[in-house]
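Mapped onto the working numbering, the consecutive letters of the sequence shown carry residue numbers -2 to 316. Backbone N, C-alpha and C fix where the C-beta goes; we use that ideal spot for every residue, glycine too. Working notes, beginning with the structure itself.
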Amino acid sequence: MLAVAAYKTVFDVNDVERKLHNMGPDANEHLRGTYQRMLATGGERLAIKPQDAPEMSQLCAELPNFGAPLRDIQRSLALCADSRDPVEIMPMLLLGDPGIGKTHFARRVSALLGTSCAVAPMNALTAGWILSGASSQWKNSRPGKVFDTLVGGEYANPVLVVDEIDKAAGHAQYDPLGALYSLLEADSARAFTDEFAEVPIDCSSVIWIATANDASHIPEPILNRLNVYDIAAPDAEGTRRIAANLYREIRDSHDWGAAFPEQIDDDVLDVLQQCKPRELRRLLLGAFGAAKLDARTELAPRDFDFERLRRQSRIGFTH
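Structure follows, in structure tokens:
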């Protein structure tokens, strides 16, 4: 897909200069450094958009269980192609069991668009501050993921994944999802203020993808701002296609991959079709290494360490 880029102002450097000028000698040095970096990089970021409606058959084959959101993304991109309009993709919620590829889907969408992808894990201990930052008056405070992604990155329209949004436990004094009420509305997102930096930034072009296992734990006002998609686990044939695509992706992205054939053997796919999409990448990487140690240039079913995967699952490393 051919992409075109224009610059968009995501923050006003004059606001930053005023904040920096008004800082006292005992002010937060991390905040001072943040303002200095903002002035050094300037307030403009690239806004990427397709020049033509993209061909998505390959991506649909790679992500067979994500047909519905991919169709809606394709429609949105078709509308803005050959026009001056920016990309407008409605915020989406991907509902489904762990390990079916929701975060991988978000990364592939960012690659399709030619922009960056950042993940805000809402099951973290810092979930209360991860989106909106923490006040500079607090010890060890810092900006939130939204600010970091836009101000510290190259793009005005990154993909931002709110991962496991249903795990964000509310607090009597602070709602970890509170920032989303304004961030998911384009009008209010144009002047989002991070609690650490306290400088308005334009987040209206951010592409939001939330993931969850259970929608019942998500506040209704947040759900109303999202297009909700129920994502089923891929069937055996779908998992085979995912594994075959991952094999090619890993092979083509490494210099050592040239020693291996372009296509994976059917007997290996027969084994991998039983796995969860989340498990495939590390299984394949381990198998490439096992084959290399055995002086072979083709993968075989014996190269896959399923016992280690089962042990990790029992311990709780995967879910």
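Going by DSSP, what residues sit across from residue i in a beta bridge?
| i | result |
| --- | --- |
| D227 | L92 |
| K164 | Note: K164 sits in no beta bridge, so no partner. |
| R109 | Looking at the sequence provided, one finds Leu at residue 109 rather than Arg. Per DSSP, none; premise fails for L109. |
| F189 | I198 |
| Y152 | L43 |
| V1 | K46 |
| V115 | Checking the sequence shown, residue 115 turns out to be Ala, not Val. A115 pairs with L157. |
Have a look at the options and flag the residue whose alpha-carbon is nearest the alpha-carbon of residue i.
| i | options | result |
| --- | --- | --- |
| P182 | Q134, Y244, C200 | According to the sequence provided, residue 182 is Glu. The question's Pro does not apply to it. Nearest C-alpha to E182: C200. |
| L92 | K142, S54, D163 | D163 |
| L116 | V158, P231, L290 | For the sequence presented, residue 116 should be read as Val rather than Leu. Looking at the Cα atoms, V158 is the closest of the given residues. |
| A212 | P47, I86, D94, R42 | D94 |
| S133 | T31, D291, N11 | T31 |
| D267 | R238, D249, M53 | R238 |
| A2 | Q48, R68, W253 | Q48 |
| M126 | T112, S113, G141, C114 | One point to set straight first is that residue 126 is Trp, not Met, in the sequence displayed. Comparing Cα-Cα distances from W126 to each of T112, S113, G141, C114, the minimum goes to G141. |
| I219 | L177, P66, A78, C57 | L177 |
| G254 | S80, G286, V265 | G286 |
| E85 | A292, A153, E217 | A153 |
| A256 | G150, R293, A75, D232 | R293 |
| E14 | R34, D23, T100, T6 | R34 |
| G64 | D79, T6, V106 | V106 |
If you run the structure through DSSP and keep just helix, strand and coil, what is residue i?
| i | result |
| --- | --- |
| P197 | strand |
| V159 | strand |
| I206 | strand |
| P274 | helix |
| R42 | strand |
| A241 | helix |
| M53 | coil |
| T6 | strand |
| Q33 | helix |
| E182 | coil |
Please list, in chain order, all residues of the same chain as residue i whose beta carbon is under 6 Å from its beta carbon, the five residues on each side excluded.
| i | result |
| --- | --- |
| I312 | For I312, the predicted model reports a pLDDT of 43, less than 50, meaning its position is unreliable; a value from the coordinates is still stated below. Nothing meets the Cβ criterion. |
| F8 | G40, V196, I198 |
| A165 | M119, A124, P173, L174 |
| K273 | G96 |
| I261 | A241, Y244 |
| L277 | A240, L243 |
Taking buried to mean at least 16 other C-beta atoms within 10 Å of its own C-beta, is residue i buried or exposed?
| i | result |
| --- | --- |
| Q120 | Here residue 120 turns out to be Asn, not Gln, going by the sequence shown. Its Cβ having fewer than 16 others within 10 Å, N120 is exposed. |
| L296 | buried |
| Y4 | exposed |
| R139 | buried |
| E59 | buried |
| L36 | exposed |
| R68 | exposed |
| P258 | exposed |
Shorter than 9 Å from the beta carbon of residue i to some beta carbon of chain D?
| i | result |
| --- | --- |
| E161 | Looking for chain D here will not work: only one protein chain is present. |
Sorted by chain position, which residues of the same chain lie with C-beta nearer than 7 Å to residue i's C-beta, five sequence neighbours on each side aside?
| i | result |
| --- | --- |
| N281 | The question names Asn, yet the displayed sequence has Leu at residue 281. L243, Y244, I247. |
| A131 | S138, R139, E192, F193 |
Looking only at its chain, what residues have a beta carbon closer than 8 Å to the beta carbon of residue i, apart from the 5 residues adjacent to it on each side?
| i | result |
| --- | --- |
| L322 | Outside the displayed range of the chain (-2 to 316) lies residue 322, so it cannot be described from this structure. |
| Q71 | A50, P51, M53 |
| C77 | K46, P47, P83, V84, E85 |
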